[in-house]
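Shown next, in structure tokens, is the structure this report addresses.
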Amino acid sequence: MYDIEALYEARSLDHAIALLEEHPDARIIAGGSDILIQIREGRLAGAKLVSIQKLDELRGISRSEDGAIRIGALTSFSHIAQNPLIQAHLGVLVQAVSSIGGPQIRNIGTIGGNTCNGVSSADSAATLMALDALMEYRGPQGRRVLPIQAHYVGAGKTALAHAELLTAISIPKESYHACYGCYLKYAMRNALDIATLGCSVNLRLSQDKQRLERVRIGFGVAGPVPIRAPHAEAALKGKALSEETLREAGTAVLLDVQPRSSWRASRELRLQLVEELTKRALRCSIRHAGGIL
16 MYDIEALYEA RSLDHAIALL EEHPDARIIA GGSDILIQIR EGRLAGAKLV SIQKLDELRG
76 ISRSEDGAIR IGALTSFSHI AQNPLIQAHL GVLVQAVSSI GGPQIRNIGT IGGNTCNGVS
136 SADSAATLMA LDALMEYRGP QGRRVLPIQA HYVGAGKTAL AHAELLTAIS IPKESYHACY
196 GCYLKYAMRN ALDIATLGCS VNLRLSQDKQ RLERVRIGFG VAGPVPIRAP HAEAALKGKA
256 LSEETLREAG TAVLLDVQPR SSWRASRELR LQLVEELTKR ALRCSIRHAG GIL
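Residues in the sequence shown are numbered from 16 upward in steps of one, following this note's numbering.
The following block contains the structure:
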């Protein structure tokens with residue numbers, strides 16, 4: 016039984032925004048895989064909810080004229096993983112969303128919900144960081160677009176303003192053209208578990224496959240919000256492919272992270288995971304790109 020004070024069903028995006036303006040304390044519900052658990056546990060008992068479940072305009076995957084791949088906020092993890100466009104160009108995102116929960120969760124969970132709950136452990140977030148994703152908002156003041164790094168403003172908090180919704184996530188062509196990636200998740204169990212640490216790499220090799228031309232590294236649970244690793248990315252740019260380069264990356268990335276101790280893992284263990292998963296994800300990505308170490 017769920018303790019819900021009121022449930023309002025949006026008929027359109029504009030109607031959803033109007034409902035949120037009318038009920039400023041209401042929460043958005045889509046798939047419900049996060050918020051219903053919080054209600055059941057009592058953390059959101061008596062909540063007012065605005066359902067956007069029927070807004071099909073927020074679903075689907077397309078490619079724009081400039082080559083950007085656009086993913087509607089209500090697109091489920093299962094649809095993302097099975098989409099031919101995503102499979103052809105964003106294999107690393109397929110890896111990430113396929114690691115979330117089990118089949119039932121992936122069928123109802125949405126990429127918008129996964130990024131808008133603001134938690135650092137969201138499996139899609141580290142990969143979207145490494146893909147330089149752009150977050151599209153709609154609210155009373157119209158449309159605005161933010162880079163994903165500006166989307167996360169604190170633990171459990173995003174940049175969404177009052178009555179704003181995330182409508183889509185876009186991946187620029189520059190982030191996937193000739194790029195290859197790998198997402199690695201360390202968890203206490205092999206399935207149905209929250210990440211103790213997640214690392215996602217997205218890279219492009221030089222034409223001769225001898226050097227790292229472009230590198231992006233994203234992390235989950237390595238700080239209060241999902242983060243990028245600018246020190247390590249800068250240290251890797253232009254470097255020759257070698258095990259020594261991977262070791263240097265493992266050291267440089269420690270300058271970018273701020274993990275904490277929790278009941279899942281100590282800070283010290285997470286630092287070890289940061290170093291090791293960075294090297295493994297880089298090695299995996301380089302091999303996908305056709306490089307040889």
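Just so you know, even glycine gets a beta-carbon here, dropped at the ideal spot from N, CA and C.
This structure is a prediction, so every number in the text was calculated from the model and none was measured.
Query raised in the report: From G133 to I52, what distance separates their C-alpha atoms?
Result: Taking the first residue of the sequence shown as position 1, residue 133 is located at position 118. Taking the first residue of the sequence shown as position 1, residue 52 is located at position 37. Spanning the two alpha carbons is a distance of roughly 16 angstroms.
Query raised in the report: So which of I301, L286, G196 and A25 has the shortest CA-CA distance to D223?
Result: Here residue 223 is taken as the residue at index 208 of the sequence shown, counted from 1. Ranking I301, L286, G196 and A25 by Cα distance to D223 puts I301 first.
Query raised in the report: Can you tell me the Cα-Cα spacing of R204 and A111, whole angstroms?
Result: What you label residue 204 is simply residue 189 of the sequence shown in a count that begins at 1. What you label residue 111 is simply residue 96 of the sequence shown in a count that begins at 1. R204 and A111: Cα-Cα distance of roughly 16 angstroms.
Requested in this report: State the start and end residues of the unbroken alpha helix (DSSP H) segment that holds C194.
Outcome: Position 179 of the sequence shown, counted from the start, is the residue given in the question as residue 194. Run containing C194: none; DSSP gives neither H nor E here.
Query raised in the report: Excluding the five sequence neighbours on either side, which residues of its own chain have a C-beta within less than 6 angstroms of the C-beta of G235, listed in chain order?
Result: Within the sequence shown, numbered from 1, the residue matching residue 235 stands at position 220. Cβ neighbours of G235 beyond the five flanking positions: S135, S136, A140, A141, A210, G213 and P241.
Query raised in the report: E228 to P162, Cα distance in whole Å?
Result: Here residue 228 is taken as the residue at index 213 of the sequence shown, counted from 1. Here residue 162 is taken as the residue at index 147 of the sequence shown, counted from 1. Computed Cα separation, rounded: 22 angstroms.
Query - Simplified DSSP assignment, three categories, for N98 - result: Here the question's residue 98 lines up with position 83 in the sequence shown. Coil.
Query - Under 8 angstroms between C-beta atoms of E207 and G117 - result: As a first step, residue 207 is located in the sequence shown; it is residue number 192 there, counting from the start. As a first step, residue 117 is located in the sequence shown; it is residue number 102 there, counting from the start. Checking the sequence shown, residue 207 turns out to be Leu, not Glu. Yes, the Cβ-Cβ distance between L207 and G117 is below 8 angstroms.
**Report entry** Length of the line joining the Cα atoms of S27 and I126
**Finding:** Stepping through the sequence shown from its first residue, residue 27 is reached at position 12. Stepping through the sequence shown from its first residue, residue 126 is reached at position 111. Taking the straight line joining both Cα atoms gives about 19 angstroms.
Query raised in the report: Counting Cβ pairs closer than 8 angstroms, one from the region 248 to 261 and one from the region 281 to 289, do we hit at least three?
Result: no
Report task. Give the straight-line distance between the Cα atoms of T266 and V272, rounded to the nearest whole angstrom. Result -> Position 251 of the sequence shown, counted from the start, is the residue given in the question as residue 266. Position 257 of the sequence shown, counted from the start, is the residue given in the question as residue 272. C-alpha separation (whole angstroms): 11 angstroms.
Requested in this report: List the residues that DSSP assigns as beta-bridge partners of E151.
Outcome: What you label residue 151 is simply residue 136 of the sequence shown in a count that begins at 1. Answer by DSSP bridge pairing, in chain order: V160 and A183.
Query raised in the report: In this structure, does DSSP put K5 in helix, strand or coil?
Result: The question about residue 5 has no answer here: the residues shown for the chain are numbered 16 through 308.
Query - Residue burial classification, K172 (beta-carbon count within 10 angstroms, cutoff 16) - result: Here residue 172 refers to the residue found at position 157 when the sequence shown is read from its first residue. Exposed, because fewer than 16 other Cβ atoms sit within 10 Å of the Cβ of K172.
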